[in-house]
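Novice:
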Amino acid sequence: MGYRWLRIVLVTVAFVAAIAVWVWTGFVRQAQAALNGNPVVLEHIGRIDQIASDWKGTNEAEGEDVFAFRVSGKKGSGLVVAEFKTVDADTEELRGGWLTLLSGEKFQLK
């Protein structure tokens, strides 16, 4: 009988974790789309081929809606620390931030 409750708890935790991953993945896709529409990103990175959450950068960033991502494209790679605003269930809007290239050059996102 005790193992039955353990199974229920484990299945519940796995279900909640799966939902959290699904939601986060959707947010990252929307953030990537917003960044791909930014002229500064397009100039220095190109269209983003790879994007990864930078948890340390996000934790160190000031602001509730500020997130850090490691990005790379055909023109280069770097760190984006930017504010995003949810427009609707399918869209995040870039509200500004910074792109720091691997060379150390820093550009303000408009």
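Counting in the numbering used here, the sequence shown runs from 129 upward without gaps. Note that the Cβ used here is the ideal one computed from N, Cα and C, for glycine as well. These numbers come from a predicted model, not from an experiment.
1. Could you pull the start and end residues of the alpha helix (DSSP H) that K184 belongs to?
2. What residue range is occupied by the uninterrupted alpha helix (DSSP H) comprising E171?
3. Take the Cβ of G191 as the centre, count every other Cβ of all protein chains shown within 10 Å, and call the residue buried at 16 or more, exposed below.
4. How should V138 be labelled, buried or exposed, when 16 other C-beta atoms within 10 angstroms of its C-beta is the threshold for buried?
5. To the nearest whole angstrom, what separates the beta carbons of W219 and Q158, a pair I think is in contact under 8 Å?
6. From I136 to W152, what distance separates their C-alpha atoms?
Specialist: This is what the structure gives:
1. W183 to E188
2. P167 to H172
3. Exposed: under 16 other Cβ atoms inside 10 Å.
4. Looking at the sequence shown, residue 138 is not Val but Leu. It is exposed - the Cβ of L138 has fewer than 16 other Cβ atoms within 10 Å.
5. Looking at the sequence itself, residue 219 is Thr, so the reference to Trp does not match. Correct: roughly 6 Å between the Cβ atoms.
6. 24 Å
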